[in-house]
Structures are given as C-alpha cells and as structure tokens.
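Undergrad:
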Amino acid sequence: MMRSSVQFSSCAAFAVVLIASSPARAEPPKCITADCHSGYNEGKSVHPPAKNAECDSCHQPKKDRAHPSKKGRDFTPAAEGPELCHMCHDKKNGGKIVHEAIKMEGCLGCHSPHKSNHAFLLKEKPGKDLCGTCHESAQKTPAIPHKPYAEGKCAGCHNPHSAPFRKLLVEESPKLCVRCHAAAGEFAKKKTMHPPVAEGCGNCHKPHGGKASFLLDASSPSAFVVTRQNGDMATCLGCFYTEYAAEKFASCLECHDEKAFTERKTTTATAFRDRDRNLHSLHVNRRKGITCTVCHEVHAGDSPALLRKEMRFGSRRLPIAHTKAEKGGSCAPACHAKQVYER
Ligand code: HEC
Ligand code: HEC
Ligand code: HEC
Ligand code: HEC
Ligand code: HEC
Ligand code: HEC
Ligand code: HEC
Ligand code: HEC
Ligand code: HEC
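Under the working numbering, the first residue of the sequence shown is numbered 4, with each subsequent residue one higher.
#1: Identify which residue in Thr273, Lys73, Lys47, Gly97 has its Cα closest to the Cα of Phe348.
#2: Give the single residue among Gly155, Pro151, Lys194 whose Cα lies nearest to the Cα of Leu133.
#3: Nearer than 8 Å: is that true of the beta carbon of Asn120 relative to any heavy atom of ligand 3?
#4: Is His208 near ligand 6, going by C-beta to nearest heavy atom under 8 Å?
#5: Taking 9 Å as the cut-off, decide whether the C-beta atoms of Thr265 and Arg346 are in contact.
#6: By the DSSP assignment, the alpha helix (DSSP H) with Gly331 in it spans what residues?
#7: Is Cys295 near ligand 8, with its Cβ less than 8 Å from a heavy atom?
#8: Should Ser333 be listed as close to ligand 5, given that the test is whether its C-beta is under 8 Å from any heavy atom?
#9: For Gly205 versus Ala146, is the C-beta distance shorter than 9 Å?
#10: Just verifying my parser: in three-state terms, what is the DSSP assignment at Arg346?
#11: With a CB to CB cut of under 7 Å and the five nearest residues on each side skipped, what residues in its chain are close to Leu172?
#12: Within the 9 Å Cβ cut-off, does Gln63 reach chain C?
#13: Would you call Gly75 buried or exposed, if buried means 16 or more other Cβ atoms sit within 10 Å of its Cβ?
#14: To test your reading of the DSSP string, which unbroken beta strand (DSSP E) runs of 3 or more residues are found completely within the region 74–125?
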C-alpha cells in the first residue's frame, strides 16, 4: 500500500471545501478539519510545518493502517528525540556544554511541536515560568533584580541549548556584561583597574540581582539602597554627604579594613594621612561624612589610587586636583584651599 493514501485522500477531499471558502490560503490544510485536529495550526506562535499542515513531515503513518484505526498509535515519528527537530534545524545540542534539560527531556521539555501562546513555541513564558519548572532558584526573584533577569530575558546571557562557557553562558564576564553595558568595555583601557574588577565582575555583582541596588549584596557607598525584610528602604542614591556607618560602606569593607577609615590616629592603616592623622577618617567618619565614590572611581581610572579628577556634586562637576608626591600628596578641591599631606 502506498504511504498514507487513506489518510491524505480523506483530508484532501475536505481541503477542496476550504479552498473554495478561503481562496487566499496557499496551502490547503490536510489533516485539520472541524472534527479532527482543529486548532493544531492556530495560536500566537504556530510552527510553520504545522501551520502548513505538513503533518507528515514529523508523523509517518504506519504501513497498512487506516487512520483513525483505534488500534493505538497510527503514526511513528519521522525521527527520534532531538533528531526529529534536527531534520530541519541546525543542531542545538552540539555545543561544548549541553543543557542537561535536552539530555533529560529532549526538545519537548521546553518547546511544543505544534503551537504555543508564547514566542519560539515555548511551553511556558520564558523566565520564571519556563526555567522555574526545573530550577527552583529561578522561581525566586532577588530583592533588587537585574532588569533582563526580571524580564525573563535569560537568553541575553545563557544559551538555553548549549554554550561554549560554564553555566551555559554565551560569554564570560566582562565580555558578557559589555554586550549590554558598553561603558564597561572602557575599564581595561584605563591606567589602573581596581584589582577585583580585573579579576571578574562577579566579585561584587550578582548577575541575577542582589539584596541591594547595583546588583550588589551589600550597600555601595554612593547608592546604599538597603532593603530590609519588611520592605523599608534606606535610600541614598548618588549621595555626597552621609553620616558614617560601616553598614553603608559594606560593599567596600568586605575587602578593605575598616580601620583605614575609622581610626583617628594611625601610621599603618592608610596612606591617606598626614603623619599620624588619618585623613580618610577625617573626611569619612563624621556626621557630615563624604562617601568613598566622591573621591574614588569604583572600577578603573587614570589617576593613582583610583582617584577621580572631578567629583560629582548634584549635577555639578567640581575639580579634586589631587597630586601624588613621593611621601604623600596634595589636594586643591573646590571644598577647601590646597592642603598638603606627608607620611
Ligand atoms: C515538527 C514536527 C511535528 C509536526 C509538523 C506535527 N507534529 Fe504532531 N507531534 C509531534 C511530536 C514530537 C509529538 C509528541 C508530543 C509529545 O510527546 O509531547 C506530536 C504529537 C501529536 C499528537 C498526539 C497528541 C498531542 O498533541 O501530543 C497529535 C494528535 C498530533 N501530533 C497531530 C499533528 C497534526 C494534526 C499535525 C499537522 C497539523 C502535526 N501533528 C504536526 C511533532 C509534530
Ligand atoms: C519539517 C521541518 C521542521 C521540523 C521537523 C521542525 N521544524 Fe521547527 N521550524 C521549521 C520552520 C520552517 C520554521 C520557521 C523558520 C525558522 O525559524 O527556522 C521553524 C521554526 C521553529 C522555531 C522558531 C519559532 C518562532 O516562533 O520563531 C522553533 C522554536 C522550532 N522550530 C522548534 C522545533 C522543534 C522543537 C522541533 C522538533 C520537535 C522542530 N522545530 C522541528 C521547520 C521544522
Ligand atoms: C531548556 C529549555 C529549552 C530546551 C530543552 C530547548 N530549547 Fe529551543 N529555545 C529555548 C528558548 C528559551 C528559546 C528562545 C531563545 C531566545 O530568546 O533567543 C529557544 C529557541 C529555539 C529556536 C529558535 C531560535 C534559534 O536559536 O534558532 C529553535 C529552532 C529551537 N529553540 C530549537 C530547539 C531544539 C531543536 C531543541 C532540542 C535539541 C531545543 N530547542 C531545546 C529553550 C529550549
Ligand atoms: C526540563 C528541565 C529544565 C528546564 C525547563 C530548564 N533547565 Fe536548566 N538545567 C536542567 C538540569 C537538569 C540542569 C543540570 C543540573 C543543574 O545544574 O541544576 C540544568 C542546568 C542549567 C544551567 C547550568 C547550571 C550549572 O550549575 O552548571 C543553567 C545556567 C540553566 N540550566 C539555565 C536554564 C534556563 C535559562 C532555563 C530556561 C530557558 C532552563 N535552564 C530550563 C534542567 C532544566
Ligand atoms: C546578565 C546575565 C544573566 C542573565 C540575564 C541571567 N543569568 Fe543566570 N547566570 C548568569 C551568570 C554570570 C551565572 C553564573 C554565576 C556564577 O558565577 O556562578 C548564572 C547562573 C545561573 C544558573 C546556575 C546557578 C543558579 O543560580 O542556580 C542558573 C540555573 C541560571 N543562571 C538561570 C537563569 C535564569 C532562569 C535566567 C532568566 C530568568 C537567568 N539565569 C538570567 C548570568 C545571567
Ligand atoms: C542582556 C543585556 C544585559 C547584560 C548581558 C548585562 N546587563 Fe546589566 N543591565 C541591563 C539592563 C537593561 C539594565 C537596566 C538599566 C537601566 O535601568 O537603565 C541593567 C542594569 C545593571 C546594573 C544596575 C545599574 C543601575 O543604574 O541601576 C548593573 C550594576 C549591571 N547591570 C551590571 C551588569 C553586569 C556586572 C553584567 C555582566 C555580568 C551585566 N550587567 C550584563 C542589561 C544587561
Ligand atoms: C569592587 C566591586 C566591583 C566590581 C568587581 C565590579 N563592580 Fe560594577 N559597581 C560596583 C559598585 C559599588 C557600583 C555602584 C556605583 C557607585 O556606587 O557609584 C557599581 C556599578 C556598576 C554599574 C552601574 C553604574 C555605572 O557605573 O554604569 C555597572 C554597569 C557595572 N558596575 C558594571 C560592572 C562590570 C561590567 C564589572 C566587571 C568588569 C564590574 N562592574 C565589576 C562595584 C564593582
Ligand atoms: C573583592 C574585594 C574588594 C572589594 C569588594 C573592594 N576592593 Fe578595593 N581593592 C581590592 C584589592 C585587592 C586592592 C589592591 C590592594 C589594596 O590596595 O588594598 C584594592 C585597591 C583599592 C584602591 C586603591 C587602588 C590603587 O591603585 O592604589 C581603592 C581606592 C579601592 N580599592 C577602593 C575601593 C572601594 C571604594 C570599594 C567599594 C566600592 C572597594 N575598593 C571594594 C579589593 C576590593
Ligand atoms: C576625600 C577623598 C577621599 C574619600 C572620601 C575616600 N578616600 Fe580613599 N583615598 C583618598 C586618597 C587621596 C588616597 C591616596 C593616598 C595616597 O596614596 O597618597 C586614598 C587611598 C585609598 C585606598 C588605598 C589604600 C590606602 O588606604 O591608602 C583605598 C583602599 C581607599 N582609599 C578606599 C576608600 C574607601 C573604601 C573609602 C570610603 C569608605 C574612601 N577611600 C574614601 C581619598 C579619599
């Protein structure tokens, strides 16, 4: 018997009716009638072979079997597992690191073969819903999430199929971050890079989001939006002055010893001192203290000690005019007359 003559002749008879009533349709639907398989070619995203009723490209009728036969499955898949999909698509499981999900459930763990209400024939909305079916971690949203994470744009960083880098990443940081944050591409061109930045953005930033703003788990000096469990926020985005509290500078004090900023007298804790008078402490540790990022860059800079050339005071830019000397330095900022310090 010829391949599926019964099935397709009955479908074809119906197609004539459809063509007559909708002449605009180029491909007559073959297996879709009001009674049979209606809806297989309808939805927000419909797979072209289903839309065009090329059902037989994936379902091959069993020999000597009329359909419907009530004898169990009348069709066999044209190929098994992912190979069915790779008949028409580039191999998705050929990369260096293959998503375990494909090994577990093939392509159908995430995609519907016919139609779906989500883009890319996905079974669920990408992000929490889709990835969260298997990843408990994806069901939770960090207190202050990274925008692409919150929006379910996981594919901005992870290839859902297979990828050249660990954790299915499409790139390693910093290149990963530079894809969307062009300014970060400039860090490496500066004279000095803050060592942890050169090592990897993940030293400070949580790629999915953190407990505090700027993808940090601890509050940062110029932006300590501290989230508390009850939802209160102590906001200070871009502040210049703040009363000193270790908590506010936690993202720096994770690595830098607090003594450099608190001890009034020292000959060891910091180089920013005049003999034993701690000038860090003088500026920072007071009621109207100055935040670290008024004077320092966080990522990279062209001056010694990551010092900024200009400080931001509201919308104004004021000079700092720091000069390094052999045993100290001098500053002539807008705030006070030139001061010299010597160790
Ligand atoms: C791209 C390949 C492909 C095309 C084209 C395709 N199917 Fe399927 N179909 C599948 C796969 C794979 C399954 C198994 C789904 C599963 O196991 O979850 C399936 C399952 C089915 C089932 C079983 C019930 C169900 O929905 O899971 C029916 C009925 C069906 N297809 C009908 C059709 C019809 C009618 C068409 C044409 C309009 C069609 N298919 C086109 C791949 C395809
Ligand atoms: C008979 C050929 C054929 C087979 C088999 C096939 N596809 Fe497709 N698929 C297409 C065509 C044609 C398109 C539209 C052009 C494109 O995006 O490549 C498409 C598009 C897609 C898209 C993108 C849809 C969108 O909204 O942009 C996904 C996802 C997809 N297929 C998944 C699968 C999966 C999963 C399988 C296996 C179950 C599969 N395909 C098997 C032909 C096929
Ligand atoms: C873990 C979930 C998951 C699995 C498993 C999966 N996909 Fe996808 N697939 C996605 C997501 C998410 C997208 C959308 C990517 C985007 O937003 O750019 C996608 C997009 C696609 C596309 C369209 C865009 C492109 O990359 O060409 C095709 C085709 C596709 N998948 C085929 C497959 C095939 C074939 C398999 C099995 C080998 C498979 N997928 C397994 C999640 C998955
Ligand atoms: C069908 C189940 C399933 C779905 C759906 C799924 N995953 Fe996975 N994924 C796994 C399994 C299993 C592993 C390997 C075990 C693990 O590391 O958790 C894995 C591993 C990963 C890893 C690497 C983790 C590591 O420690 O190396 C990433 C990243 C990942 N998945 C992202 C995603 C994203 C993004 C989505 C949604 C587009 C998604 N997954 C959807 C099952 C799934
Ligand atoms: C801005 C880039 C970026 C986006 C967007 C992103 N991720 Fe990740 N993700 C990463 C990086 C980087 C890691 C590796 C972290 C590390 O160093 O261990 C990771 C790790 C993971 C892991 C393994 C570790 C864990 O947390 O369980 C999973 C699973 C994962 N991501 C899922 C997702 C899902 C789901 C989404 C979308 C809702 C998503 N990611 C969006 C960058 C991203
Ligand atoms: C897919 C694009 C994309 C990638 C990749 C990406 N980001 Fe983002 N990131 C965004 C978007 C969009 C925002 C929100 C910007 C806004 O609201 O103005 C954001 C915000 C941020 C913020 C907060 C900035 C602010 O002003 O609140 C930080 C910090 C950040 N990203 C760091 C990173 C790091 C580190 C990486 C690499 C691990 C990375 N991003 C990778 C898109 C991306
Ligand atoms: C030493 C910790 C640390 C490391 C490592 C780090 N950052 Fe940051 N980053 C911060 C802090 C703190 C802020 C908040 C800025 C502020 O307080 O003025 C920030 C802010 C940002 C912002 C948003 C504000 C802006 O300046 O545009 C982006 C984007 C960003 N970082 C990207 C990166 C990238 C990309 C890397 C890796 C190359 C990286 N960061 C490494 C601490 C770090
Ligand atoms: C992950 C660890 C880490 C974090 C977090 C960190 N730093 Fe650093 N920082 C270092 C290391 C390591 C050095 C080099 C050794 C040193 O000077 O202590 C350094 C050096 C510096 C320098 C001197 C650079 C030079 O060229 O002399 C400044 C200024 C600085 N950090 C400021 C900050 C500020 C401000 C923060 C908070 C936003 C911060 N750091 C957070 C690890 C860190
Ligand atoms: C008023 C400007 C100013 C403020 C505010 C400031 N610094 Fe500094 N900092 C300096 C100067 C100037 C130096 C360089 C001293 C030298 O080498 O001559 C320096 C040096 C450093 C160094 C190099 C090691 C050391 O102590 O000499 C680190 C690390 C550092 N600062 C971190 C911070 C952190 C963290 C904060 C906030 C808690 C901060 N700074 C606040 C001006 C400032």
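Ideal placement from N, C-alpha and C gives every residue a C-beta, glycine not left out.
TA: Result, derived from the coordinates:
#1: Residue coverage of the chain in this structure runs from 4 to 346, which leaves residue 348 outside it and unanswerable.
#2: Taking the sequence shown and counting its residues from 1, one reaches residue 133 at position 130. Here the closest residue by C-alpha is Gly155.
#3: Residue numbering aside, residue 120 sits at position 117 when the sequence shown is read from its first letter. No, since every heavy atom of ligand 3 falls outside the 8 Å radius drawn around the Cβ of Asn120.
#4: Sequence index remark: in the sequence shown, residue 208 carries index 205 (1-based). Checking every heavy atom of ligand 6 against the Cβ of His208, one is found closer than 8 Å.
#5: To locate residue 265, count along the sequence shown from 1; it is residue 262. To locate residue 346, count along the sequence shown from 1; it is residue 343. Their beta carbons are not under 9 Å apart, which means Thr265 does not touch Arg346 by this criterion.
#6: Taking the first residue of the sequence shown as position 1, residue 331 is located at position 328. Unbroken run through Gly331 is the beta strand (DSSP E), 331–334; no alpha helix (DSSP H).
#7: The residue given as residue 295 occupies position 292 in the sequence shown. Answer for Cys295: yes, Cβ within range of ligand 8.
#8: Walking along the sequence shown from the start, residue 333 turns up at place 330. Ser333 Cβ: outside cutoff for every heavy atom of ligand 5.
#9: Working through the sequence shown from its first residue, we reach residue 205 at position 202. Working through the sequence shown from its first residue, we reach residue 146 at position 143. No. Outside cutoff.
#10: Within the sequence shown, the letter at position 343 stands for residue 346. Correct three-state label for Arg346: coil.
#11: Counting from 1 along the sequence shown, the entry for residue 172 is found at position 169. Contacts found: Cys160, His161, Ala166, Leu179.
#12: As a matter of chain content, chain C is missing from the structure shown, which is built from one protein chain.
#13: Numbered from 1 along the sequence shown, position 72 holds the residue referred to as residue 75. Flag for Gly75 reads exposed.
#14: 78–80
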